[in-house]
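**Student:**
Protein chains: 2
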Amino acid sequence: MKKQLNVGMLGFGVVGSGVPQILAESAEKIRQIAGVEFVIKKALVRSADETSELMKRAGRYGIELTTKAEDVLEDGEIDVVIEVMGKIEPAKSFIKRAMNAGKHVITANKDLLAQHGPELVALAKKQQTAFYYEASVAGGIPILRTLVNSLAADRIESVMGIVNGTTNYMLTQMTQLGASYDTALAEAQRLGFAESDPTNDVSGLDALYKMVILSDFAYGMEVSVDEVARRGIEGLSTDVVKASEELGFIVKLIGITEDTGHGIHVEVAPMLVPADHPLASVANENNSVFVKSFGINGSMYYGPGAGTLPTATSIVSDLIAIAEDMKADRLGTPFNVYHMPKKIADDASITSRFFLAIGVPNNKGQLSALTGMLSGMGVEFDQLLQKNQGEQAVLNIVTYPLDLKTLRNILNVLSDDEAYILLDCLRVIE
Amino acid sequence: MKKQLNVGMLGFGVVGSGVPQILAESAEKIRQIAGVEFVIKKALVRSADETSELMKRAGRYGIELTTKAEDVLEDGEIDVVIEVMGKIEPAKSFIKRAMNAGKHVITANKDLLAQHGPELVALAKKQQTAFYYEASVAGGIPILRTLVNSLAADRIESVMGIVNGTTNYMLTQMTQLGASYDTALAEAQRLGFAESDPTNDVSGLDALYKMVILSDFAYGMEVSVDEVARRGIEGLSTDVVKASEELGFIVKLIGITEDTGHGIHVEVAPMLVPADHPLASVANENNSVFVKSFGINGSMYYGPGAGTLPTATSIVSDLIAIAEDMKADRLGTPFNVYHMPKKIADDASITSRFFLAIGVPNNKGQLSALTGMLSGMGVEFDQLLQKNQGEQAVLNIVTYPLDLKTLRNILNVLSDDEAYILLDCLRVIE
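For the record, the sequence lines run as chains U and P.
Residue numbers for the first sequence follow our numbering, beginning at 854 and rising by one.
Residue numbers for the second sequence follow our numbering, beginning at 854 and rising by one.
1) I'd like the list of long-range same chain contacts for Gln1219(P), defined as Cβ closer than 7 Å, with 5 residues on each side in sequence excluded.
2) Output needed for Tyr914(P): all residues of its chain with C-beta closer than 6 Å, excluding positions within five of it in sequence on either side, in chain order.
3) For Val1281(U) and Pro1131(U), what's the separation of their Cα atoms in angstroms?
4) Answer yes or no: does any C-beta atom of chain U fall closer than 8 Å to that of Ser879(P)?
5) Under the three-state reduction of DSSP, which class applies to Ile1107(P): helix, strand or coil?
6) Just curious, the alpha helix (DSSP H) that Val1001(P) is in, first and last residue?
7) At a CB-CB cut-off below 8 Å, which residues of chain U make contact with Lys855(P)?
8) Starting from the beta carbon of Thr999(U), find every residue of chain P whose beta carbon is closer than 9 Å, and list them in chain order.
9) If you compare alpha carbons, which of Thr1020(P), Ser879(P) and Asn1150(P) is closest to Ala1136(P)?
10) Looking at the strands, I want to know which residues DSSP matches up with His957(U).
11) Would you verify that the beta carbon of Lys882(P) is, or is not, closer than 8 Å to some beta carbon of chain U?
12) Per DSSP, which residues does Asn1140(U) bridge with? Please list them.
13) Identify, in the order they occur along the chain, each residue of the same chain with its Cβ nearer than 7 Å to the Cβ of Lys856(U), setting aside the five sequence neighbours on each side.
14) Determine whether the beta carbon atoms of Thr999(P) and Pro995(U) lie at a separation below 8 Å.
15) Counting along the chain, where does the beta strand (DSSP E) carrying Ala896(U) start and finish?
16) For a contact defined as C-beta to C-beta under 8 Å, what are the partners of Arg1008(U) on chain P?
17) Please report the residue range of the alpha helix (DSSP H) in which Lys979(P) lies.
18) Kindly list the residues whose CB is nearer than 7 Å to the CB of Ala1159(U), restricted to its own chain and excluding five residues on each side of it in sequence; keep chain order.
19) Using 8 Å as the limit for Cβ to Cβ distance, is Asn1021(U) near chain P?
20) Just to check my reading of the structure: Ile1012(P) and Ile931(P) have Cβ atoms closer than 8 Å, yes? What is that Cβ distance to the nearest angstrom?
21) Could you have a look at Ile1263(P) and say whether DSSP puts it in helix, strand or coil?
22) So Gly1156(U) and Ser1152(P) are in contact, right, with Cβ under 8 Å, and what is the actual spacing, rounded?
23) Tell me, please, whether the CB atom of Ala1181(P) is closer than 8 Å to any CB atom in chain U?
24) Are the region 1020 to 1039 of chain U and the region 1086 to 1095 of chain U touching by the rule of at least three beta carbon pairs closer than 8 Å?
25) How close, in whole Å, do the beta carbons of Val1065(P) and Val1078(P) come, if the pair is a contact with beta carbons under 8 Å?
26) For Lys963(P), collect the residues of the same chain with a Cβ closer than 6 Å to its Cβ; drop the 5 residues on either side in sequence, then sort them by chain order.
27) Would the region 951 to 968 of chain P count as touching the region 976 to 984 of chain P if we require 3 or more Cβ pairs under 8 Å?
28) Name the residues in the region 1118 to 1139 of chain U whose C-beta lies less than 9 Å from a C-beta of chain P; which are they?
29) Check each candidate in Tyr1253(U), Leu1237(U), Thr1252(U) and Leu1223(U) and name the one with the smallest Cα separation from Asp1270(U).
30) Please list the terminal residues of the continuous beta strand (DSSP E) segment that includes Lys1240(P).
31) Buried or exposed: where does Leu1044(P) fall if 16 or more other Cβ atoms within 10 Å of its Cβ makes it buried?
32) Between the Cα of Glu1099(U) and the Cα atoms of Ile893(U), Gly1116(U), Asn1249(U) and Leu1038(U), which residue gives the shortest distance?
33) Along the alpha helix (DSSP H) that carries Leu1172(U), what are the first and last residues, could you check?
34) Helix, strand or coil: which one does DSSP assign to Pro1254(U)?
35) For Val1081(U), count the other beta carbons within 10 Å of its own beta carbon; 16 or more makes it buried, fewer makes it exposed. Which is it?
36) Suppose you measure from the CA of Leu1277(U) to the CA of Glu1087(U); what does that come to, to the nearest Å?
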């Protein structure tokens, strides 16, 4: 086997520039474990201004910068291509060209994997090239490799993740400081945790992409983006956050993929997390993935979801995996080999406790009419908290477990009844 | 390659009996991932009473029980031996006989690994057999495989673990309910979290064994048991637990293995954990390992440290690793291949904040004399909390970082001065 693997990078920005740092810092350890040396030869960048900071950084590690993709993709000496450009195109075309040229590929591109993962996995298999993407979910947390190695022996019941640092930072501000949504967003933008257009984060789309990938690794099922229920944190009210806290819960943007016994259900939404649940204490921009499974029962994997060095560490662990595959003659074996026919759960099989906030004219008779009506529709109350908010009374309810079909009926009835205002409805995790 | 791997078990008690359960529950997934079927043929037990519950359980899975070790160790059809007997002998001799007969070995025996690990690893290498032991540290948490795979690319600065469920349960009782050490121990025994002789747990010895194994995986250094500083939780006072809480810390039995830059330092002791540190919220019998590293920075792995199914899940992940090794023709490759010359840090290179509880006659002049004396010896105060406890005043101090050599001098001076009573001194982690 070769003693040196040559690496070409597509992109050399925030994430990419960490890769040579990690390779340098852990050189001896990587040499012992991988049995080869990784040398970054070239990096594709938008402009190669000789005086730029980028150029200096590349020069320090002996990396040649280029603005032409073919310099990387058609260089016969390059064994592995690392894609850290982001977005769908031209990343997708570049990855396919690399695979078609027999190069191994590493990417951190969750958008691409969630939307075109199966196509790329199939091409890698056909071309007998390695294709890894540990950094695509939860940055520095080694969750994908843990699912395929250590949890290979376990039957997974659900995977719940705080997989978006921006929204977790914002919700921490809203919970701990009582900040409004707008204030929390402005603060996240000021600190660089949120982009100037934060849509992908606050709408839950970024988390959704990660849950699509996690569903594949947990259940061997290739869920498509439109099969995932999604609600972001836009407009989430501080009243709901406060009432949840008084009831013993912390509101978090949770991505869940769960086996209901009748198929899987994948959803991203703000949910109520019990204050003593391990996910409740995951604060600020940190990420965490909680796995409920038959054997281990509950295990959690916590760490940074983004950042130059954490993401680069995951990428270099993929490089080492490629070296192992070459030694073991298992190139072309997909990152996740487990596959099952896809089965999406219907609403009747999805059960959960739910939180409801319902506005009621400040009138005792009407409150008891409301609880009576809900009881009549099969709702049992786990907790009730009445609060006066301005002109109206608000009844905050945590139900006993209901199925989602029943819940939708209840929400329809409430929406049709002018006596009540449905302020919010969120799922409560266990 | 074989389509079936035959397994023999040494021991079929609390841990062992979970292995066939996991193999049955995850049969299809394991078949896809490992590409082979694992069949448990025989299990060595102390007595094979045909009417016993054990016998019925074994019968359900078609496992033959035997009281003769040679029935397992000399059966040419058995490919893998799983040792779940515990203790050093005869487990060690049995494992060596199995390896000498060319069988692959899996064990959950931390005592044995901490004391004789290198000898067994060397024998496995010589005999070209696989030797795995994921279940030996933190039961169901896949921390060893994560260190060798996902953190292979990272330079580890410290590993801090809550790796003993018994003491963590007791400390949770002491913190949350204000229970005394004796009450907490009695409660842990009543619930089966502590044995009737709890010495190994409460003395920190069990945690020490795990830190020896973690040191090998984190730094490639084979630390011997007597190179680890150890203090248990015996006699820990509720006053210290309470004062710590008022200062913003939770007392936990922490195993730490850290790279000081001048060698590694390995220690097990009750320590103060900041209330907002991820380890602080690890409650009851749960385990957790926090890794501080150059690349990822802070990551944490949380789950059950013991129990039938969690431990069995780790064992079956080892079985799958053996199947992978056979396919990849890498049998005999140690679980951890990273090795560095051992270097133990001296006291002067170990720095930390410390908590001191010092009894002082209830006299203002003497309190200021004490703080003056400590200042004179180079102690800077991060936090001070004076409490009256019975006849005396107690000064609870959190220092700014000190090196351990300086601290020892200070403790000697305090011990020699009859005006003060040194009640306790604990490390404060960051």
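Where is the CB? At the ideal position from N, CA and C, for every residue including glycine.
Every value quoted in this text rests on a predicted model; they were computed, and no experiment measured them.
**Tutor:** Working from what's here:
1) Here Gln1219(P) has Val1213 and Ala1272 as same chain residues with Cβ atoms under 7 Å from its own Cβ, once five neighbours each way along the sequence are excluded.
2) So the list reads Pro873, once near-sequence residues are dropped.
3) Looking at the two C-alpha atoms, the distance is approximately 14 Å.
4) Answer yes: the Cβ-Cβ gap between Ser879(P) and chain U drops below 8 Å somewhere.
5) Look at Ile1107(P) here: in three-state DSSP terms it is strand.
6) Residues Ile996 to Val1001.
7) None at all; the shortest Cβ gap to chain U is about 17 Å.
8) Listed by position along chain P, the residues whose Cβ is nearer than 9 Å to that of Thr999(U) are Pro995, Arg998, Thr999, Asn1002, Ser1003 and Tyr1154.
9) Thr1020(P)
10) Val933(U)
11) yes
12) Gly1156(U)
13) Shown here for Lys856(U): same chain residues with a beta carbon closer than 7 Å to its own, the five before and five after excluded, namely Val889 and Glu890 in chain order.
14) yes
15) Glu890 to Leu897
16) Ordered by position in chain P, the residues that pass the 8 Å Cβ test against Arg1008(U) are Glu878, Ser879 and Lys882.
17) Lys963 to Gln980
18) Gly992 and Gly1018
19) no
20) The sequence as given places Val at residue 1012(P); Ile does not occur at that position. With a Cβ gap of about 35 Å, Val1012(P) and Ile931(P) do not count as contacting.
21) Under the three-state reduction of DSSP output, Ile1263(P) falls in the helix class.
22) 3 Å
23) yes
24) yes
25) 6 Å
26) Ser989, Tyr1062 and Lys1063
27) With a cut-off of 8 Å, the region 976 to 984 of chain P and the region 951 to 968 of chain P count as touching, because enough Cβ pairs lie within range.
28) Listed by position, the residues of the region 1118 to 1139 of chain U near chain P (Cβ gap below 9 Å) are Asp1129, Pro1131, Ala1133, Ser1134, Val1135, Ala1136 and Asn1139.
29) Leu1223(U)
30) Phe1234 to Gln1242
31) By the neighbour-count rule (16 or more Cβ atoms within 10 Å), Leu1044(P) is not buried but exposed.
32) Asn1249(U)
33) That run of the alpha helix (DSSP H) goes Thr1161 to Ala1181.
34) Three-state result, Pro1254(U): coil.
35) buried
36) Position check: residue 1277(U) holds Asp in this sequence, whereas Leu was assumed. For Asp1277(U) and Glu1087(U), the distance between alpha carbons rounds to 13 Å.
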